[in-house]
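J.:
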Amino acid sequence: MENRRTWAIGFLAVGGAVGSLAIGIPAILAAFSASIQGRQKHAWRRAGIVDDFKIGKIITADVSTGRGDWSTTLGRLTVFVWRQTDEQFVVFSRSCTDLSCPVTFDPGSECFFCPCHGGIFTKNGTPLAGPPKRPLYRYTTRIRDGNLEIDLHSLPPAY
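Every number in my numbering is 29 more than the matching position in the sequence shown, counting from 1.
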């Protein structure tokens, strides 16, 4: 009887250890994967074809936040694109700098509005009224092969 009990306890202990490792190792790797791999310096994503943006106009663009073709449907980000000249673009985050509520752009007044607390930003992203004290965040941009690209890592992570 003693041998069976010892064998059963040993079997359960080994099974528990194997199960814990099977669950624990992937969880630990997932938790520290960003630290292990290191954050990429840039995360360039296509915002659209340069010719689709008219000079002087501010329009929205949807940007994929995925890393490759397989993940393009996993995350999308809406941004405001303002083409100032042939080669100069300003791309604003859609998040208000007060509480990260989504802002909208009114072409008539040429202002951005935040519905949460009545925040208003000028066309340049400068706070005009309401609680926001900081201007709208701007993405770093570049033009590659006729496409406008933004660097997702050029803003604080929460935006």
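We put the CB at the ideal spot given by N, CA and C, even for glycine.
Please state if the CB of C140 and the CB of K152 are separated by a distance shorter than 9 angstroms.
T.: yes
J.: What are the residues that DSSP puts in a beta bridge with V132?
T.: Paired residue(s): none; V132 is not in a bridge.
J.: Could you compute how far the alpha carbon of T169 sits from the alpha carbon of A42?
T.: Put simply, the backbone Cα of T169 is about 54 angstroms away from that of A42.
J.: What distance in whole Å lies between the Cβ atoms of L177 and F82, which are believed to be in contact at a cut-off of 8 angstroms?
T.: 7 angstroms
J.: State the DSSP-derived secondary structure class of G39, mapped to helix, strand or coil.
T.: In the structure shown, G39 sits in a helix (DSSP, three-state: H, G or I).
J.: Below 9 angstroms between beta carbons: does that hold for G85 and R112?
T.: yes
J.: Nearest to C130 by alpha carbon, out of V120, F121, G95, H146?
T.: H146
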